[in-house]
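Undergrad: Going by the working numbering, the first residue of the sequence shown is number 1177, and it counts up by one from there.
Below is one structure. I have some questions about it.
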Amino acid sequence: MNLSSELTKQVKAHLDEVRKHLGTLPADERQEILQSIESHIYDALETRSDGEPTQELLSAVLAEMDPPESYGERAPIKKFGSGVKLLLVVLTLLLGVWIAYKISPENPPAHISSVDAKQPPVVVSTSPANGDNAVDPDITKLRVTFNKDMLTDRMWSWCTESPDTAPKFVSSGTRFIDKRTCVVPVELEPNKTYVIWINTQKHDSFRDTNHQPAKPYRLELRTGNVLSPNPIGHWQSVDFVSSSEEFHPQTKSWSEALELKELSFLPDGKTDRPYWTWEDGILHHSGDNTDAKFFIKSITEEIYLFLEWMSGDVINKGLPPGYYVLKKTKPGTDRSEQVQPVPFELGLNTLSEKDAIVIEQVSASSSSFAVGDTVTVEGKYTLTSQPEATLLLTATATTGDGHSRTTDRQHILVSRGSGGFLLTYKIPHSGCSHLAFYSTVTGQSIGGLHFGTENQLKALIESTNNIQKETL
């Protein structure tokens, strides 16, 4: 079903409004409620439209649903006098008569007018979808939605076909989250096919409010691989969610600006941020002394990293963390520039004998290292002459004053010893790229090396000679 961008925004706005009223419910319950509401909206639109849904139809569907504020915490019940109680009883009876009339077979409500009450209920959607062959093995629930209101008091039949394809059903937690949607907790394994029957000829407890059993439905799924927790590379933030199950690549959950824009994981447990180190799925923050878990998933053939965000509310109030969702990419792609490995020449080296910088690969948006190009350098370093230093990637100007702004991705703080680095910058002016150690005490260079094209290195030598002549 094609839904215009404007109608999609309205659906999202409705879900966002509901989310505001869900309060402190557990993250998985919030997600189940939101998914159920979203499924109900789209099912109703698809059932009641011949082509592309209209604004009028969407407005009608939303008007029939419970208002977002009804999902909030219940207000305390007030005590009333006997006269008020009698009035409430009369009003309740009148309301019941009116509802009975409105939902009579001669006058059914709009959202079920296309469903024959005499026909048995049928499955309209499942999560994961039937036939999905790349299901995340970490999901903890299966979900089914019917086309009619169902009996919800422990009325379900989640059945298996054989022991070889049966999931492990968790003993408690199966429930209807609304009148049409039921969820069941499960434990899945990677690389395995599962077959589940929703009702069978023999077991038919899924029934509508007229006690008609739902038509048996065969659900077949296959889980994908569990990716090894090797995060080395560059990651760009794409969303922020309360749980990994809430993330959908086509629908953004977080509407505000993302505080964490990007993050690079380096070899030897380091990152491009001096305060973060990583090991075995844990990102340690030296300043806050916090350990955030991260894990990697493959979703629609793309690689995503989910990182717990240890905010002040998490650290100080003990609230559950949300997750940054980061997509594996190449440095520079957030600037709409694709970088590729390029050839380069090494030039002047002013490092002391105690220190070393080894460039293993240079990637750039062009091989000319022109002004405006994005350049990424990967390599290893050894620092012996100082307790610590800043390793900075910048450009030595051959014309002009050479002044430029630096970003967090251009430098890292390194300690005495050896390690790896991944630095990126955008060439600000004509000159030659320069990778060097800088003292954290004086701010002065303590040695580095230049690289670029052959002509840039020659221009740097000429520029240096001219400066020396002018000085003399």
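Built from N, CA and C at the ideal position, the CB exists for glycine as well.
All values reported here derive from a predicted model rather than from experimental measurement.
(1) Taking its Cβ as the centre, do 16 or more other Cβ atoms sit within 10 Å of E1554, making it buried, or is it exposed?
(2) Quick one: grab the DSSP three-state call for I1472.
(3) Just confirm the distance between the C-beta atoms of V1547 and S1606, as a whole number of angstroms; I'd bet it's less than 8 Å.
(4) Would you kindly check if the distance between the Cβ of V1320 and the Cβ of T1665 is under 8 Å?
(5) According to the neighbour-count rule (16 or more other Cβ atoms, all chains shown, within 10 Å of its Cβ), is Q1620 buried or exposed?
(6) Could you compute how far the alpha carbon of A1635 sits from the alpha carbon of T1575?
(7) Per DSSP, K1391 forms a beta bridge with which residues?
(8) Using 10 angstroms around the beta-carbon of E1249, count the other beta-carbons present and answer buried if the total reaches 16, otherwise exposed.
(9) Would T1302 pass as a contact of L1395 if the rule is Cβ separation under 8 Å?
(10) When DSSP labels each residue in this structure, what does Q1377 get in the three-state scheme?
(11) Can you give the Cα-Cα distance for Q1186 and V1515, rounded to whole angstroms?
(12) May I have the straight-line CA-CA distance separating P1284 from D1292, to the nearest angstrom?
(13) Hey, quick one: how far does the beta strand (DSSP E) through Q1562 stretch, first residue to last?
(14) Let me confirm a value: A1286 is counted as buried when at least 16 other C-beta atoms fall within 10 Å, else exposed. Which label applies?
(15) Nearest CA to the CA of L1318: which residue from L1198, K1530, A1342, R1383?
(16) Using only CA atoms, which one of D1531, Q1426, E1455 lies nearest to Y1174?
(17) Give the DSSP-derived three-state secondary structure of R1224 in the structure shown.
(18) At which residues does the beta strand (DSSP E) containing A1612 begin and terminate?
(19) For H1387, collect the residues of the same chain with a Cβ closer than 8 Å to its Cβ; drop the 5 residues on either side in sequence, then sort them by chain order.
(20) Are there 16 or more other CB atoms within 10 angstroms of the CB of Y1653, so buried, or fewer, so exposed?
(21) What are the partner residues of M1326, as DSSP defines its beta bridges?
(22) Tell me whether V1299 is buried or exposed, calling it buried when 16 or more other Cβ atoms sit within 10 Å of its Cβ.
(23) Who are the near neighbours of K1368 in its chain, counting only those whose CB is closer than 6 Å to its CB and skipping five residues on each side?
(24) Can you tell me where the beta strand (DSSP E) holding I1622 begins and where it ends?
(25) Quick check on E1536: does DSSP put it in helix, strand or coil?
(26) With I1479 and K1504 assumed to form a contact (beta carbons below 8 Å), what rounded beta-carbon distance in angstroms separates them?
(27) State the start and end residues of the unbroken alpha helix (DSSP H) segment that holds K1185.
(28) Evaluate L1522 with the Cβ neighbour count: other Cβ atoms within 10 Å of its Cβ, from every protein chain shown; 16 or more gives buried, anything less gives exposed.
(29) Starting from V1237, trace the alpha helix (DSSP H) both ways and give me its first and last residue.
(30) Could I get the ranges of all uninterrupted alpha helix (DSSP H) runs contained in the segment 1477-1503, with 4 residues as the minimum, in chain order?
(31) Can you give me the C-alpha to C-alpha distance between K1378 and L1397, rounded to a whole angstrom?
(32) Does DSSP put S1246 in a helix, a strand or coil?
(33) Return the chain-ordered list of same chain residues with a C-beta closer than 7 Å to the C-beta of H1626, the five sequence neighbours on each side being excluded.
(34) Rounding to the nearest angstrom, what Cα-Cα distance links L1541 and T1550 in this structure?
(35) Using CA coordinates, which residue listed in F1382, T1385, E1193, D1380 is at the minimum distance from S1246?
(36) Cα separation between G1624 and L1559?
TA: Well, looking at it:
(1) Indexing the sequence shown from 1 puts residue 1554 at position 378. The residue is buried, with at least 16 neighbouring Cβ atoms inside 10 Å.
(2) To locate residue 1472, count along the sequence shown from 1; it is residue 296. Of the three classes helix, strand and coil, the one that applies to I1472 here is strand, per DSSP.
(3) Here residue 1547 refers to the residue found at position 371 of the sequence shown. Here residue 1606 refers to the residue found at position 430 of the sequence shown. Yes, V1547 and S1606 are in contact; Cβ-Cβ is about 6 Å, under 8 Å.
(4) As shown, the chain starts at 1177 and ends at 1648. That puts residue 1665 outside it, with no answer to give.
(5) Working through the sequence shown from its first residue, we reach residue 1620 at position 444. Counting Cβ neighbours within 10 Å, Q1620 comes out exposed, since fewer than 16 surround it.
(6) The count along the sequence shown starts at 1 and reaches residue 1635 at position 459. The count along the sequence shown starts at 1 and reaches residue 1575 at position 399. About 10 Å.
(7) Reading the sequence shown from its first residue, position 215 is the one you call residue 1391. According to DSSP, K1391 bridges with nothing at all.
(8) By 1-based counting over the sequence shown, the position of residue 1249 is 73. With a pLDDT of only 46 at E1249, under the threshold of 50, the placement of this residue in the model should not be trusted, and no figure is reported.
(9) Residue numbering aside, residue 1302 sits at position 126 when the sequence shown is read from its first letter. Residue numbering aside, residue 1395 sits at position 219 when the sequence shown is read from its first letter. Result yes, Cβ atoms of T1302 and L1395 sit closer than 8 Å.
(10) Taking the sequence shown and counting its residues from 1, the one referred to as residue 1377 is at position 201. Q1377: coil per DSSP, three-state reduction.
(11) Working through the sequence shown from its first residue, we reach residue 1186 at position 10. Working through the sequence shown from its first residue, we reach residue 1515 at position 339. Q1186 and V1515: Cα-Cα distance of roughly 37 Å.
(12) For the purposes of this step, residue 1284 is taken as residue 108 along the sequence shown, with counting starting at 1. For the purposes of this step, residue 1292 is taken as residue 116 along the sequence shown, with counting starting at 1. At P1284, the pLDDT of 47 sits below 50, so the modelled position is not reliable and the matter cannot be decided from this model.
(13) Here the question's residue 1562 lines up with position 386 in the sequence shown. 1550-1573 is the extent of the beta strand (DSSP E) around Q1562.
(14) The sequence position of residue 1286 within the sequence shown is 110, counting from 1. Since pLDDT at A1286 reaches only 41, below the 50 mark, its modelled position is unreliable, and no value is offered.
(15) As a first step, residue 1318 is located in the sequence shown; it is residue number 142 there, counting from the start. It is A1342.
(16) Any question about residue 1174 goes unanswered here, given that the chain covers just 1177 to 1648.
(17) Translated into the one-based positions of the sequence shown, residue 1224 becomes position 48. Looking at R1224 - three-state DSSP - the assignment turns out to be helix.
(18) Translated into the one-based positions of the sequence shown, residue 1612 becomes position 436. Segment 1607-1615, the beta strand (DSSP E) holding A1612.
(19) Along the sequence shown, one-based indexing puts residue 1387 at 211. For H1387, where only same-chain residues beyond five positions count, the Cβ hits under 8 Å are L1327.
(20) Any question about residue 1653 goes unanswered here, given that the chain covers just 1177 to 1648.
(21) Here residue 1326 corresponds to residue number 150 of the sequence shown, with the count starting at 1. D1384, per the DSSP bridge assignment.
(22) On the sequence shown, residue 1299 is found 123 positions in, with the first residue counted as 1. V1299 comes out buried.
(23) Position 192 of the sequence shown holds residue 1368. Excluding residues within five positions, the ones whose Cβ falls inside 6 Å are T1399.
(24) Counting from 1 along the sequence shown, the entry for residue 1622 is found at position 446. 1621-1628 is the span of the beta strand (DSSP E), which, as asked, contains I1622.
(25) Here residue 1536 corresponds to residue number 360 of the sequence shown, with the count starting at 1. Strand, per DSSP.
(26) Taking the sequence shown and counting its residues from 1, one reaches residue 1479 at position 303. Taking the sequence shown and counting its residues from 1, one reaches residue 1504 at position 328. Confirmed, Cβ separation roughly 4 Å.
(27) Taking the sequence shown and counting its residues from 1, one reaches residue 1185 at position 9. From DSSP, the alpha helix (DSSP H) with K1185 extends over 1181-1196.
(28) Reading the sequence shown from its first residue, position 346 is the one you call residue 1522. Burial call: exposed.
(29) The sequence position of residue 1237 within the sequence shown is 61, counting from 1. Taken as a continuous stretch (DSSP letters only), the alpha helix (DSSP H) holding V1237 covers 1231-1240.
(30) 1488-1493
(31) Here residue 1378 refers to the residue found at position 202 of the sequence shown. Here residue 1397 refers to the residue found at position 221 of the sequence shown. Cα-Cα distance, rounded: 23 Å.
(32) Looking up residue 1246 in the sequence shown gives position 70. Helix.
(33) Within the sequence shown, residue 1626 is the residue found at index 450, counting from 1. Contacts found: G1523, L1524, T1572, C1608, S1609, H1610, L1633, L1636.
(34) Counting from one through the sequence shown, the residue named residue 1541 turns up at place 365. Counting from one through the sequence shown, the residue named residue 1550 turns up at place 374. The amino acid at residue 1541 is misidentified as Leu; the sequence shows Ser. So the alpha carbons of these two residues sit roughly 6 Å apart.
(35) Counting from 1 along the sequence shown, the entry for residue 1246 is found at position 70. Here the closest residue by C-alpha is E1193.
(36) In the sequence shown, residue 1624 corresponds to position 448, counting from 1. In the sequence shown, residue 1559 corresponds to position 383, counting from 1. Cα to Cα, G1624 sits roughly 11 Å from L1559.
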